[in-house]
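Enquirer: According to my numbering, the sequence shown is numbered sequentially starting from 127. For glycine and all other residues, C-beta sits at the position ideal for the given N, C-alpha and C. Keep in mind the model is a prediction, meaning the values are calculated, not measured. Here it is, the structure, as structure tokens.
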Amino acid sequence: MKIVSSSSSALDVSVGSVEWGESTKGILRESEQVQLIENLKYIFSQEKLDAERHRLGLLNPKYISIDDLLPPDTKMVRESLAYVQDLYKPTLMRHCWRTYYFGSMIALHDGIEFDRELGFASAMLHDLGLTPTADPRPCDCCFAVNGGVHARDFLLGQGFARAHADTVAHAIAVHLNYHVPAEEHGAEAFLVTRGAICDVFGTGVSRMSQQSVKDVLAKYSRDELYSVFSATAFEHLVGTRFEASFKAVTSGLVETVPHALDLPPFV
């Protein structure tokens, strides 16, 4: 996790990693909870700035066809997709597809190069910790850390390289840090984080063309998205990133912005 306050120094980048989570169950220290809130505040402040730049014509993202972003037809892509077909409900599956597309578009806008195979696998597997068969459950361990471990073990079991499995696992585990710089955590971690929080919070929409976003939503609608997370909102282990951020947002401690994907021209 990176501290974004100009008056503070950065936390160790291991916070949010699989190794960190396995030793802590994903429970943040008090100082880390404070910085998680700072990260949330940062992404919303950036969204306000993006919206103003877009209004002034200073932010003009190029149209990107979703066909041009299709992942390569590789064994990892096929097996990652096949693996979650029976694990995810349709709503969660669509969220993962949107995570991939939104994250890819934002990364390209920001000039960040990423591996599409690893980016897709990371996005598609990033919510394994929320599935009915997840073990441990979110009430016992941070679901992002558990999802990272699950994804890593799955990929290793399918014979993929340890380095690739670790890249996917890290991208999944750290995505709940909310502010995940590519230079610290890798392009695939950036993709998953930006894609997921764009879908959930609406941050980053101004960095994609309206038509590109509409194309994604036409194929993978956001219908019933919030039911996926609200169903388990009060079941997460106290002190983990989801629990701490959910509490901060719903209590008003973090000032959010209107969700761009819930507004015209997208609805």
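#1: Note down, in chain order, each residue of its chain lying with its Cβ closer than 6 Å to the Cβ of Gln284, except the 5 sequence neighbours on either side.
#2: Quick check: Ile232 and Ser338, are their CB atoms within less than 8 Å of each other?
#3: Just tell me which of Cys268, Val380, Pro384, Arg224 has its CA closest to the CA of Thr394.
#4: May I ask which residues mark the beginning and end of the alpha helix (DSSP H) holding Asn165?
#5: Indicate the three-state DSSP secondary structure (helix, strand or coil) for Ile323 in the structure shown.
#6: How is the alpha helix (DSSP H) around Ala249 delimited, first residue to last?
#7: Got a sec, what are the start and stop residues for the alpha helix (DSSP H) Met202 sits in?
#8: Going by DSSP in three states, Ala287 sits in which element: helix, strand or coil?
#9: Measure from the C-beta of Ser191 to each C-beta in chain C and report whether the shortest distance is under 8 Å.
#10: Decide if Val364 is buried, meaning its Cβ has at least 16 other Cβ atoms within 10 Å, or exposed.
#11: So, using beta-carbon positions, are Leu343 and Thr217 closer together than 8 Å?
#12: What does the alpha-carbon distance come out to for the pair Ser131 and Arg224?
#13: Looking at the unbroken alpha helix (DSSP H) that takes in Asp89, where does it start and where does it end?
#14: Under a Cβ-count criterion, where at least 16 other Cβ atoms within 10 Å of its own Cβ denotes burial, should Val331 be classed as buried or exposed?
#15: Could you compute how far the alpha carbon of Arg155 sits from the alpha carbon of Ile163?
#16: Look at the alpha carbon of Gly378 and the alpha carbon of Ile298, and state the distance between them as a whole number of angstroms.
#17: Buried or exposed, going by whether 16 or more other CB atoms sit within 10 Å of the CB of Asp388?
#18: Give a yes or no on contact between the region 315-335 and the region 229-244, applying the rule of three or more CB pairs nearer than 8 Å.
#19: Determine the extent of the alpha helix (DSSP H) in which Glu145 is found, giving its start and end residues.
#20: Please classify Asp176 as buried or exposed, where buried requires at least 16 neighbouring CB atoms within 10 angstroms.
Expert: Taking the definition as stated:
#1: Counting only Cβ-Cβ distances below 6 Å, and skipping sequence neighbours, we find Glu205.
#2: Using a Cβ distance threshold of 8 Å, Ile232 and Ser338 do not count as a contacting pair.
#3: With the chain covering 127 to 393 only, the question about residue 394 has no answer from this structure.
#4: For Asn165, the enclosing alpha helix (DSSP H) covers residues 156-181.
#5: DSSP places Ile323 in helix when its eight states are reduced to three.
#6: 242-251 is the span of the alpha helix (DSSP H), which, as asked, contains Ala249.
#7: Unbroken alpha helix (DSSP H) run through Met202: 201-211.
#8: Of the three classes helix, strand and coil, the one that applies to Ala287 here is coil, per DSSP.
#9: Protein chain content of the structure displayed is limited to a single chain, and chain C is not contained in it.
#10: By the neighbour-count rule (16 or more Cβ atoms within 10 Å), Val364 is not buried but exposed.
#11: No, they are not a contact pair.
#12: The predicted model places Ser131 with a pLDDT of 34, which falls under 50 and marks its position as unreliable; any figure quoted below should be read in that light. Between Ser131 and Arg224, the C-alpha separation is close to 30 Å.
#13: Nothing can be reported for residue 89, as the shown portion of the chain is limited to 127 through 393.
#14: Per the 10 Å Cβ criterion, buried.
#15: When rounded, the distance between both Cα atoms is 13 Å.
#16: Going by the C-alpha atoms only, they are around 27 Å apart.
#17: Exposed: under 16 other Cβ atoms inside 10 Å.
#18: Yes, the region 315-335 touches the region 229-244.
#19: Counting along the chain, the unbroken alpha helix (DSSP H) around Glu145 starts and ends at 144-150.
#20: Here Asp176 is buried: its Cβ has 16 or more other Cβ atoms, across all protein chains shown, within 10 Å.
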